[in-house]
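Numbering (this note's numbering), first residue to last: 1 to 228.
What follows is a set of notes on a single structure, which appears directly below.
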């Protein structure tokens, strides 16, 4: 397949409603593999997923998951497989427990990565948080990126969905101590969005879902952590 073609059809593995909503709003044709044990189908339907594009599948059975993904990709001309590793792990953990959930999520991730290579679009990785901070600093982006001490300020978790280098900000959720304060002003939210998008651009991140934790400090946003 042509790795340079534009993505139209995406197949998402165990996506949360917010990720589906962002992909549908961006104009992608979305299919999803999900297990009703871990994720209620009506939540995905309300997010905009068409009922016939929701495929029942178990993320803890890597053999069956591989067969389902291969069949769906071939039958519907899927351009891209998308997998939110952290989100899947969070869904599995309340049912399976922490350690089995991590192992199950890792097995599903290996399946998605293997099939992504077969589609001609290998899965993307990110460098560590320290390297990402240096990239922001070298890129001249404002913020206390390389301070020796962690700056003070409210914390926010930012979820993004990236397809073909286009970074969709899915949501910005306040964490302590921000959860006890008023929501950030639109100018502050714009600064958070710009910082996270700049980070992903500088890292040349092309596709996938990322969770970035930022601190809204007096001199700008500080990236506290990044997870896939």
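Every residue gets a Cβ at the ideal spot worked out from N, C-alpha and C, and that includes glycine.
Item: Contiguous alpha helix (DSSP H) assignments of at least 4 residues, all confined to the segment 77 to 106; Value: 85 to 96
Item: Under 8 Å between C-beta atoms of residue 14 and residue 88; Value: yes
Item: Candidates 169, 30, 188 and 164: closest to residue 143 by CA position; Value: 188
Item: CA-to-CA distance, residue 141 to residue 64, given in whole angstroms; Value: 45 Å
Item: Within 8 Å, strictly: CB atoms of residue 21 and residue 47; Value: yes
Item: Distance, residue 212 Cα to residue 167 Cα; Value: 13 Å
Item: The segment 192 to 201 contacting the segment 145 to 165, beta-carbon criterion three pairs below 8 Å; Value: yes
Item: Buried or exposed (CB count within 10 angstroms, at least 16 for buried), residue 149; Value: exposed
Item: Helix, strand or coil at residue 152 [DSSP, three-state]; Value: coil
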